[in-house]
Amino acid sequence: MMQVHLCTLCHGLASVLCNGKRVGGCTVDVTAMAQLFGYVDMTDSGFIAAILSIAFNPFFWNVVARWEHKTRALSRVCGSPHTACYCLGTVILMLNCVRSHCFTEAMKSQPKLEGLDSHWAYCSGLVILAVGTLFVISSFLALGFTGTFLGDYFGILMEAKVTSFPFSVLDNPMYWGSTAIYLGWSLMHASPAGLLLTAVVAISYTIAVLYEGVLDTSAQRAFALPTLSDLPTFPTEMYPTN
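Using this note's numbering, count along the sequence shown one by one with no gaps and you end on 1214.
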């Protein structure tokens, strides 16, 4: 059985998730995470499939959402923006199921780490998974289906920005909740492959957040309803007075 110090392993994972920045008052060494590569077969077909599925999902929904925003093709085919949004959301859910399956299979095909194969690590992973699930479910309840699955690109805008929990705690709680779920799942399985794949999830979501931030602004501007300040004004002398 392979051994690795638990603190070093978690320290290395944090370095990737935090991009090697100062965390909690200490500088994280990104080289620690690189040690995980020695415990993972990078050529394993299951591991490669998991990486591809992780990278593909946010790429897919961002490309499709931008395409819909520009062409309205999905709305025309489906008959309405709401129906199109529900169809895309269903596809995204199916892709997420495929991603989770590939993630789990990749962990099962790779060896465990003795340093993580303990009751303490399992319980820690379970707590992290529970917190991540809380963020994901509460985000969905706060946003609704269309708010969660890119409704703004279909012209389905919310009346106001959601500021209640979990959005009052952190930005993009759906993404980071999902990342926490994968992290907890990896710790529960004492899987170095799972930890590396979790880092890939975090990186893919970070890129998606940066990309979506620009598109969200343009989508909201395109579909925003005019306010009184946006209405044209005319000189008072144009109107007859008695």
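Every residue gets a Cβ at the ideal spot worked out from N, C-alpha and C, and that includes glycine.
Check                                                                                                           : Outcome
Any 3 or more C-beta pairs closer than 8 Å across the region 1043-1063 and the region 1130-1148                 : no
CA-to-CA distance, Ser1047 to Gly1018, given in whole angstroms                                                 : 36 Å
Nearest to Leu1027 (by Cα), restricted to the options Leu1067, Met1079, Leu1155 and Glu1040                     : Reading off the sequence, residue 1027 comes out as Ala, not Leu. For the residues Leu1067, Met1079, Leu1155 and Glu1040, the minimum Cα distance to Ala1027 belongs to Leu1067.
Cβ-Cβ distance between Met1079 and Gly1156 below 8 Å                                                            : no
Whole-angstrom distance between Glu1040 and Val1108, CA atom to CA atom                                         : 25 Å
Ser1052 to Leu1088 span [Cα, whole Å]                                                                           : 50 Å
Same chain, Cβ closer than 6 Å to Pro1030, neighbours up to 5 away in sequence not counted                      : Ser1176 and Ala1180
Exposed unless 16 or more other CB atoms sit within 10 angstroms - verdict on Ser1025                           : buried
Closest by C-alpha distance to Glu1184, when choosing among Asp1124, Thr1151, Thr1135 and Ser1150               : Asp1124
Same chain only: Cβ atoms within 6 Å of Cys1074, ignoring 5 sequence neighbours per side                        : Ala1021, Ala1022 and Ser1025
Close Cβ partners of Asn1034 (< 8 Å) along its chain, the five nearest in sequence each way excluded            : Ala1180, Tyr1183, Glu1184 and Leu1187
CB contact flag (Ile1100, Leu1168, <8 Å)                                                                        : no
Any chain B beta carbon closer than 8 Å to Ser1096                                                              : The displayed structure is made up of one protein chain only, and chain B is not part of it.
Ser1111 versus Val1141, Val1012, Asp1016 and Trp1092, residue with shortest Cα-Cα distance                      : Val1141
Sequence-distant residues of the same chain with beta carbon closer than 6 Å to Thr1118, five excluded per side : Cys1057 and Ile1128
For Val1049 and Phe1126, the rounded distance between their alpha carbons                                       : 13 Å
Sequence-distant residues of its chain with Cβ nearer than 7 Å to Val1103 (five each side left out)             : Ala1152
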